[in-house]
Amino acid sequence: MALSPQWLDELRMRTTLSAVIGRTVRLTKAGREFKACCPFHNEKTPSFYVNDEKGFYHCFGCEAHGDAIRWLTDQRGMPFMDAVKELAAEAGMEVPAPDPRAAERAEKRASLHDVTAAAQQWYVDQLGSAEGAEARAYLKSRGFSANVVREFGFGFAPEDRQALKRALSKFDERMLIEAGMRIEVEDKDPYDRFRGRLMLPIQDTRGRVIAFGGRILDSDAYGPKYLNSPDTPLFDKGRTLYNLHRAAPAARQSGRIIVVEGYMDAIALANAGIAEAVAPLGTALTENQIELLWRQVERPILCFDGDNAGQRAAMRAVGRVLPMLRPGHSLSIVRMPAGKDPDDLIREKGVGAMEELLSSPSSLLDTLWTFERDAMPLNSPEEKAGLKERLLGHVEAIQHPDIRALYKKELLERFSAFAFPPREFKPRGSWQKGGFNAPPPRLAPETAARLKHAMSGGARDGLAIAVIHGLLRHPGEIARHETALSRFAARDRNVGPAIDSLLAAAELLDSRADSPISVPEGLPAPPANTHFAFLDKGTDPVDACEDLAEAVSLLVERPALEAALAEATARFETDPEGAFADQQRLLKRKLEFEARLGQMASRKAASPAGRDSDTAREDGPESGHSTD
């Protein structure tokens, strides 16, 4: 029976290691880990630690180390397959049935490991040969120490298209092709994949060579600057992080892991003494690679070049991780200076400059906000609305409900502060003993009269009345929504005059967000059972203004939607198919409109202010009386 690495990884992920070990060892909580006296040797002070997030145990005394399977085989003496079957039963997984072909594939993998190991040794030998002089000169120019060159296994692939085949003649050519070392082309002889390149081995978490990366040395030569092995039975680039087998132990000591764009960046950091750096292999960061990172630390640091390509790579990573976010797990992002990679920065300003950047990375949310805010000009209401739409699109990708709600609140607050900066407040009033005495803001008598006349003439629906009362309660929002309200007022003959009267008076008001305008006597009150939280005194001011913004959006959208529906209906006789399609699309939008209106009611009912709304309304502006 052969078990794939993917299946075993899934088994480990579904197993809570502390629960397995806790059956026979008394564990004590220690931060995010558990500790105990080591069961593998006698000791009085606990040095045995169990980490559920990373899925391993480790003793700092006797160096015992392993996962759940290793625990059952080493501590309880179970055969490997018995241990796997016991854990699989507890995890609700079926153990794959015996498959002779799987056993054959496992044997072939072992043989391919022999191929890649032999190729690696040959590449290292070629680096030291006369043909490797240019490659050695390149390594010297990068400032890599002899220790780093040896530790990372640098080698050299000659230009000869058949050199590797001759050197590895003891292996069948089909194996060289399957290991990705040779390329097979129809109607042509196979040839070596890597030629005239500085070579680097790509290793798995056990340190075995599974693939190669090659950097071209002749800048005028044809071909990509960097070339990686293709996916093979040994190598899945979407499930592999370059240098993880070295970086993981270093990350456990430092508490951080750094993701750079390429393997040469990872090596440059290691050369400067920063050992906990890894790199994806020619692709955007994948879900599997993110999970590998989260097994090491909760908040990996992504370090991307400061150019446009680097920022696009950062946003691809952000887009990939948003649906995966869970409590405590995220990403941090470091943006390199424009045109610099880690090696450039270290060589020009020293490792201290790199450490300074790594010490203060941006959060995922900060990166998302900054990128979208700076992505394009924001000079018009339409462009600002586009920013909001993009931000909410990212929010909707988040699967965890609590994280999604928190991201939405934070991003909308930033959007409001950016798109609707508060006006300078110049109070009128007098200073008296105890502080500034400002009178409650009021509409001028003629403005109040126009507003009352306009509302008595047609503004009778609940949404319109609620919005007008909301603007009176939060007068600072009148200027914020001035453009949208102006377009609406010009289009709507019923509510438009009332809105116009408020807009005309806005410049003359002594208004602050926390100072409601006295409601003129005789103004129609909002419905007794209002759906709108922004009319309740107990609602948080920030939440109230966001709720009011949504209501304004609905008010402005409604006449345009109704006009479009009427136009589509009128076209039925001349264009029945087109009119029907437009009508269905618009009806769907109308349903969405009603759903948004209903969601406001749901939020209102769920809020503490909503539950106490009757009490709040007794002395609120809706009553028709003036407020302080």
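401 is the number that UniProt numbering gives to position 401 of the sequence shown; each next residue is one higher, with no gaps.
Just so you know, even glycine gets a beta-carbon here, dropped at the ideal spot from N, CA and C.
Since residue 304 and residue 336 should fall inside the 8 Å C-beta cutoff, what is the C-beta to C-beta distance between them, to a whole number of angstroms?
Contact between residue 304 and residue 336 holds: CB atoms are separated by about 7 Å, below the 8 Å threshold.
Under 8 Å Cβ to Cβ from residue 362, same chain only, skipping five residues before and after it: list those, please.
332, 333, 334, 335 and 370, listed in sequence order.
Selected residue, minimal CA-CA separation from residue 534, among 297, 463, 576 and 485:
The shortest Cα separation from residue 534 among 297, 463, 576 and 485 belongs to 463.
So who's on the other strand from residue 420, going by DSSP bridges?
None, per the DSSP bridge assignment.
Leaving out the 5 sequence neighbours to the left and right, which residues in its chain are closer than 7 Å to residue 412 when beta-carbon positions are compared?
Only 546 meet the Cβ criterion.
According to the Cβ coordinates, are residue 135 and residue 194 closer than 8 Å?
Not a contact, by the Cβ cut-off of 8 Å.
Do residue 279 and residue 259 count as a contact pair if the criterion is CB distance below 8 Å?
A contact, by the Cβ cut-off of 8 Å.
Please classify residue 65: is it buried, with 16 or more other beta-carbons within 10 angstroms of its beta-carbon, or exposed?
Burial check for residue 65: the Cβ neighbour count within 10 Å stays below 16, so the residue is exposed.
Smallest Cα separation from residue 97: which of 210, 91, 81 and 112?
Checking every option, the nearest Cα to that of residue 97 belongs to 81.
Where residue 342 falls, given that 16 or more other Cβ within 10 Å makes a residue buried:
Residue 342 should be labelled buried.
Does the Cβ-Cβ distance between residue 555 and residue 488 come in under 8 Å?
Yes, the pair counts as a contact, with Cβ atoms nearer than the cut-off.
Cβ neighbour criterion (16 or more within 10 Å) applied to residue 469
Label assigned to residue 469: buried.
Got a sec? Which residues, its chain only, sit under 7 Å from residue 210 by beta carbon, not counting five neighbours each side?
These residues qualify, in order along the chain: 116, 202, 203, 204, 234 and 235.
Are there 16 or more other CB atoms within 10 angstroms of the CB of residue 219, so buried, or fewer, so exposed?
Classification for residue 219: exposed.
Can you tell me whether DSSP reads residue 468 as helix, strand or coil?
In the structure shown, residue 468 sits in a helix (DSSP, three-state: H, G or I).
Who pairs with residue 561 in a beta bridge, going by DSSP?
The partner list for residue 561 (beta bridge, DSSP) is empty, contrary to what the question assumes.
Spatial neighbours of residue 330 within its chain, please: C-beta separation below 8 Å, excluding the five flanking residues on both sides.
Hits under 8 Å: 298, 299, 321, 363 and 364.
Would you check if the distance between the CB atom of residue 196 and the CB atom of residue 216 is smaller than 8 Å?
Result yes, Cβ atoms of residue 196 and residue 216 sit closer than 8 Å.
Under a three-way DSSP split, which group does residue 82 fall into?
In the three-state reduction of the DSSP assignment, residue 82 falls in the helix class.
Apply the 10 Å Cβ neighbour rule to residue 149 and answer buried if 16 or more other Cβ atoms are within range, or exposed otherwise.
Classification for residue 149: buried.
Residues that residue 182 bridges to, as DSSP identifies them
Per DSSP, the beta bridge partners of residue 182 are 192.
Work out the CA separation of residue 409 and residue 388 for me, nearest whole Å.
Near 12 Å, if we compare the C-alpha coordinates of residue 409 and residue 388.
Between the CA atoms of residue 582 and residue 588 - distance to the nearest angstrom
For residue 588 and residue 582, the distance between alpha carbons rounds to 10 Å.
By DSSP's criteria, residue 28 is part of a beta bridge. Which residues make up the other side?
Looking at the DSSP output, residue 28 shares a beta bridge with 35.
Helix, strand or coil for residue 329, going by three-state DSSP, please let me know.
Taken through DSSP and simplified to helix, strand or coil, residue 329 comes out as strand.
Beta-carbon gap between residue 36 and residue 45 smaller than 8 Å:
Against a cut-off of 8 Å, the Cβ pair of residue 45 and residue 36 comes out as no contact.
Give the DSSP-derived three-state secondary structure of residue 251 in the structure shown.
Three-state result, residue 251: helix.
Please report the straight-line C-alpha distance between residue 169 and residue 15, rounded to a whole angstrom.
In a straight line, the C-alpha of residue 169 is about 45 Å away from that of residue 15.
In chain order, what residues of the same chain lie with their CB nearer than 8 Å to the CB of residue 433, ignoring the 5 residues before and after it?
Note that residue 433 scores 47 on pLDDT, short of 50, meaning its location in the model is unreliable; the coordinates nonetheless yield the value given after this. Excluding sequence neighbours, residue 433 sits near nothing in its chain.
Distance between residue 3 and residue 10 (C-alpha atoms, nearest Å)
Those two C-alpha atoms are separated by around 11 Å.
Let me know the secondary structure DSSP gives residue 363 once reduced to three states.
DSSP, reduced to helix, strand and coil, places residue 363 within a strand of the structure shown.
Sequence-distant residues of the same chain with beta carbon closer than 8 Å to residue 91, five excluded per side:
Closer than 8 Å at Cβ, skipping near neighbours: 11, 14 and 15.
Comparing C-alpha positions only, which one of 384, 407 and 21 sits nearest to residue 481?
Out of 384, 407 and 21, 384 has the C-alpha closest to the C-alpha of residue 481.
Option in 180, 146 and 240 with minimal Cα separation from residue 5
Residue 5 has its Cα closest to that of 240, out of 180, 146 and 240.
Bounding residues of the beta strand (DSSP E) (the contiguous stretch that carries residue 658):
Not covered by the structure: residue 658. The range shown for the chain is 1 to 628.
Check whether the Cβ atoms of residue 69 and residue 50 lie closer than 8 Å to each other.
Against a cut-off of 8 Å, the Cβ pair of residue 50 and residue 69 comes out as no contact.
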